[in-house]
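Here the UniProt record's numbering is used: the first residue of the sequence shown is 1, the next is one more, and so on.
C-beta: ideal position from N, C-alpha, C; glycine also.
To keep things clear, I will list the structure first and then write my remarks on it.
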Amino acid sequence: MYLQTSVLPPSAPLRSCWLQRKAPKQQRVARQPLCAETRKRQRTAPSEPPEETPAQQASGNFLSDGVNLVNDLLFGAASRLDRGMTTCVACRGTGTCNCSTCQGTGTLSNKKANLNQIKHASNRLQSLMGGGQTHRDTEWMMTNRCRKCHGHGRMPCPACEGRGIRGELL
């Protein structure tokens with residue numbers, strides 16, 4: 001059994017000497033201002049800002065008036081544009097998109113078709129027992145048709161609600 005006198009590895013004294021040598025330099029950097037502008041402000045901190053001459057004031061107002069005029073002309077005109085109806089980007093003007101369940105085929109895989117048959121049987125059982133509302137047309141559920149699009153493979157576009165055109169786009 002060894003008696004441990006130090007938890008630091010043998011190279012620890014070198015590290016501590018290295019840190020001692022670096023510490024004064026780091027402290028010096030910390031005392032200095034961050035940038036040249038800060039140092040300049042600390043050396044010459046004016047009590048009052050210098051006053052502008054009338055020529056400087058006139059040129060400043062003229063420049064700001066010109067910038068304001070250009071902003072009003074450009075942005076004011078752009079905000080008053082009347083845009084017409086545009087075709088829907090999502091469906092490209094058709095008004096329909098592929099069904100997300102069957103990917104536009106209109107039919108389901110065998111596993112999903114079996115779920116349709118099970119749902120049809122449970123709806124039939126509920127209607128016979130007199131419990132709850134049932135779907136009026138559930139015969140389509142006995143086939144492998146997609147239950148979301150009812151076998152069409154296409155759904156109305158959610159962006160334009162099936163119209164194919166969209167209103168003003170700003």
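Query	Result
Chain D within 7 Å of Asn123, Cβ atoms only	Of the protein chains in the structure, only one exists, and it is not chain D.
C-alpha gap between Asn123 and Met155, whole angstroms	24 Å
N-terminal and C-terminal residue of the beta strand (DSSP E) that Asn98 is part of	96 to 98
Cβ-based burial, Leu108 [other Cβ within 10 Å; buried from 16]	buried
Straight-line Cα distance separating Asn144 from His152	12 Å
Beta-carbon proximity of Cys146 to Cys99, cut-off 7 Å	yes
Beta-carbon spacing of residue 209, Gly95 below 7 Å	Any property of residue 209 remains undetermined from this structure, which presents the chain solely from 1 to 170.
For Met85, the three-state DSSP class (helix, strand or coil)	coil
CB contact flag (Cys88, Cys149, <7 Å)	no
Where Arg163 sits in the DSSP three-state scheme	coil
The beta strand (DSSP E) enclosing Pro156, as first and last residue numbers	154 to 156
Pairwise C-alpha distance: Ser64 and Thr101	59 Å
Rounded straight-line distance, which links the Cα of Gly162 to that of Asn71	39 Å
Nearest-angstrom Cα separation, counted from Leu128 out to Lys119	14 Å
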